[in-house]
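Chains as they are written, first to last, in this note's numbering: chain A, 23 to 100; chain B, -17 to 128. All remarks here apply to the structure that follows.
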């Protein structure tokens, strides 16, 4: 319980926050700069989102597929 | 269009680290990392999942605090909007909009797109599009200098 309720979320939040800082996304200028396409544009946010999706997408899709299969199998069991 | 302040390498590395946190929370707890939703449930004192969400927010705050002890060039905070009333209104609108739209940049933009949710892909296009129009309008009236 301590693992699931304290250590895992604390570590994930910490890593997420460190990622935000390194990506420069704690700076409002960079976030608003991304939206300023018709002026001085800062495309950095696109790279942040892209990087995050590259890592998380395979995990989401694999686990969701696995859950779907186990659901089908449990249905087949009835 | 003029490209400025572009940090592709730092931003990509930061993005990969964010993706790691998102993947870990999903693998180890089964939750999506939607910051606006996590924050909303903490400040509205929702009893179910209050502990893990509070510790996530705590981690989110202490991560950058720890980093601030290291000399790091990107730890800048530059606010293109100077009027404090505009900043407060902006914050309130972000909170209201993310609740209305069931997610923010992390929830829809990373988790939702990551699991190929149509609602999230549409949502992300809509809030980025609305943001682009808003910044353009604020620049025209001179409330933001970018």
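Don't be surprised by glycine CBs; every beta carbon is placed ideally from N, CA and C.
Name the chain B residues that come within less than 9 Å of residue 85 of chain A, Cβ to Cβ?
8, 9, 12
Would residue 59 of chain A count as contacting chain B if we go by Cβ distances under 9 Å?
Cβ-Cβ to chain B under 9 Å: yes for residue 59 of chain A.
By Cβ distance below 6 Å, which residues in the same chain neighbour residue 80 of chain B in space, the five residues on each side in sequence not counted?
18, 86
If you count every other CB in all the chains shown that lies within 10 Å of the CB of residue 64 of chain B, and 16 or more means buried, which is it?
So residue 64 of chain B counts as exposed.
Determine whether the Cβ of residue -4 of chain B lies closer than 9 Å to any Cβ atom of chain A.
yes
Rounding to the nearest angstrom, what Cα-Cα distance links residue 126 of chain B and residue 78 of chain B in this structure?
So the alpha carbons of these two residues sit roughly 22 Å apart.
Can residue 23 of chain B and residue 35 of chain B be called in contact, C-beta distance under 9 Å?
yes
Check each residue of the stretch 13 to 30 of chain B: if its Cβ is closer than 9 Å to any Cβ of chain A, include it; give the result in chain order.
Cβ contacts with chain A come from 13, 14, 15, 17, 20.
Give the residues from the stretch 107 to 124 of chain B that approach chain A closer than 8 Å (Cβ to any Cβ), ordered along the chain.
110, 113, 114, 116, 117, 118, 121
Using a Cβ-Cβ cut-off of 9 Å, state whether residue 65 of chain B counts as contacting chain E.
In the structure shown, chain E cannot be found, because the protein chains are A and B.
Apart from the five residues just before and just after residue 92 of chain B, which ones in its own chain have a Cβ nearer than 8 Å to its Cβ?
0, 1, 4, 15
Please report the distance separating the alpha-carbon of residue 59 of chain B from that of residue 88 of chain A.
42 Å
According to a CB-to-CB cut-off of less than 9 Å, which residues of the stretch 35 to 62 of chain B neighbour chain A?
Residues passing the 9 Å Cβ filter: 35, 36, 37, 38, 39, 40, 41, 42, 43, 44, 45, 46, 47, 48, 49, 50, 54, 56, 57, 58, 59, 60, 61, 62.
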